[in-house]
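Undergrad: Encoded as structure tokens, here's the structure I'll be asking about.
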Amino acid sequence: MPEVSDVLKAVDKATGPDKAGRPSEWSSPIKLAVAFTGLALLPSLLVMMTSFTRIIIVLSFIRRALTTQTIPPTVALIGLALFLTLYTMSPTLGRMNQQALQPYLTDQITMDTACLRSNNLLKEFMVRQTR
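Residues -6 to 124 (my numbering) are what the sequence shown spells out, left to right.
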């Protein structure tokens, strides 16, 4: 499975350098396509890379233990699981913001470096969540 940085390198090669030989800035349609692709993949990333699945399973077990099949509704359980997932991931997301996103936004590091830093932090979180 290709890494995010590999995909970004391929897009950089497709856009090519500008007339002065510098790497060109992405055009708006390419940025928009990357953003929409990221939004489309967000639900599957939520399930695969966070503790959302564990939390929703435990909440559904609790609902069954209370012998109620419809109270609380599934939508409420999913909302609660989302908030608990964000609470669980908040230290990791904060470190990703400090070490990858903010330096990238202030042009201190490249997108490649930002992707590698965030990937490493996310991998550390995922390893801590396994048994």
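The C-beta atom is built at its ideal place from N, Cα and C for all residues, glycine as well. Every value quoted in this text rests on a predicted model; they were computed, and no experiment measured them.
#1: Where do the N-terminal and C-terminal ends of the alpha helix (DSSP H) with L59 fall, by residue?
#2: Can you tell me the Cα-Cα spacing of I55 and L94, whole angstroms?
#3: Identify whether D105 lies in helix, strand or coil by the three-state DSSP scheme.
#4: Within the same chain, show all residues whose beta-carbon is closer than 8 Å to that of L115, passing over the 5 residues directly before and after it, in chain order.
#5: When you compare the CB positions of T78 and S37, do they come within less than 7 Å of one another, or not?
#6: R110 and Q92 look like a contact to me (Cβ under 8 Å); what is the Cβ gap, rounded to whole Å?
#7: Helix, strand or coil for P84, going by three-state DSSP, please let me know.
#8: Drop a sphere of 10 angstroms on the beta-carbon of I48, count the other beta-carbons inside from all chains shown, and report buried for 16 or more, exposed for fewer.
#9: Please report the residue range of the alpha helix (DSSP H) in which T30 lies.
#10: Can you grab the Cα-Cα spacing for the pair A26 / P96, in whole Å?
#11: Distance check for L75 and S65, CA to CA, integer angstroms please.
#12: Count the other CB atoms, across all protein chains shown, that sit within 10 Å of the CB of F29; report buried if there are 16 or more and exposed otherwise.
TA: Quick look at the numbers:
#1: Residue 59 sits at position 66 when you count from the first residue of the sequence shown. No alpha helix (DSSP H) holds L59; DSSP gives it neither H nor E.
#2: As a position in the sequence shown, residue 55 is number 62, starting the count at 1. As a position in the sequence shown, residue 94 is number 101, starting the count at 1. Going from the Cα of I55 to the Cα of L94 covers about 37 Å.
#3: On the sequence shown, residue 105 is found 112 positions in, with the first residue counted as 1. DSSP places D105 in helix when its eight states are reduced to three.
#4: Along the sequence shown, one-based indexing puts residue 115 at 122. Answer for L115: M42, T85 and M89, listed in chain order.
#5: Looking up residue 78 in the sequence shown gives position 85. Looking up residue 37 in the sequence shown gives position 44. No.
#6: Position 117 of the sequence shown holds residue 110. Position 99 of the sequence shown holds residue 92. 5 Å between Cβ atoms; contact.
#7: For the purposes of this step, residue 84 is taken as the residue at position 91 of the sequence shown. If DSSP states are grouped into helix, strand and coil, P84 belongs with the helices.
#8: Here residue 48 is taken as the residue at index 55 of the sequence shown, counted from 1. Burial call: buried.
#9: By 1-based counting over the sequence shown, the position of residue 30 is 37. In this chain, the alpha helix (DSSP H) harbouring T30 covers S21 to M42.
#10: The sequence position of residue 26 within the sequence shown is 33, counting from 1. The sequence position of residue 96 within the sequence shown is 103, counting from 1. Each residue's alpha carbon lies about 24 Å from the other.
#11: Here residue 65 corresponds to residue number 72 of the sequence shown, with the count starting at 1. Here residue 75 corresponds to residue number 82 of the sequence shown, with the count starting at 1. For clarity, residue 65 is Pro in the given sequence; the question names Ser instead. Approximately 15 Å between the Cα atoms of the pair.
#12: Stepping through the sequence shown from its first residue, residue 29 is reached at position 36. Result: exposed.
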